[in-house]
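Asks: Once you've had a glance at the structure underneath, I'll fire off some questions.
Right, dumping it as structure tokens:
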């Protein structure tokens, strides 16, 4: 398998969360934007995780991060958390 493309995962996250009503104050505000809810999966190379898995794996404390003003800011924090957790390359 190939190494995941971080920019591709970020783009998938931005696209998935683009439909949310910003600013969002809680993770629950994001669920309606996801095409398959928490089962929405993001894939690139050997990386494949559902939003539920990302939420439990990413080293991000949502209480410290919300509210989010844009899908880009949210995607950046998720990517950083996944990198900190060793799930994505730096």
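Numbering (UniProt numbering), first residue to last: 1 to 90. Here a beta-carbon is modelled for each residue, glycine too, at the ideal position from N, C-alpha and C.
(1) For residue 78 and residue 54, I'd like the C-alpha separation in whole angstroms.
(2) For the segment 6 to 24 against the segment 70 to 87, do three or more pairs of beta-carbon atoms, one drawn from each stretch, fall closer than 8 Å, so that the two count as touching?
(3) Can you give me the start and stop residues for the alpha helix (DSSP H) that residue 43 sits inside?
(4) What residues are listed by DSSP as bridge partners for residue 50?
(5) For residue 31, which residues of its own chain have a beta-carbon under 7 Å away from its beta-carbon, when the five flanking residues on both sides are left out?
Replies: Concretely, from the data shown:
(1) Here the question's residue 78 lines up with position 78 in the chain shown. Here the question's residue 54 lines up with position 54 in the chain shown. Straight through space, the alpha carbons of residue 54 and residue 78 are spaced by roughly 8 Å.
(2) The segment 6 to 24, when compared against the segment 70 to 87, does touch it at the 8 Å Cβ threshold.
(3) Position 43 of the chain shown, counting from 1, holds the residue named residue 43. That residue, residue 43, is in no alpha helix (DSSP H); its beta strand (DSSP E) goes 41 to 44.
(4) Translated into positions along the chain shown, residue 50 becomes position 50. Per DSSP, 41.
(5) Position 31 of the chain shown, counted from the first residue, corresponds to residue 31. Within the same chain, residue 31 has close Cβ partners 37 and 38.
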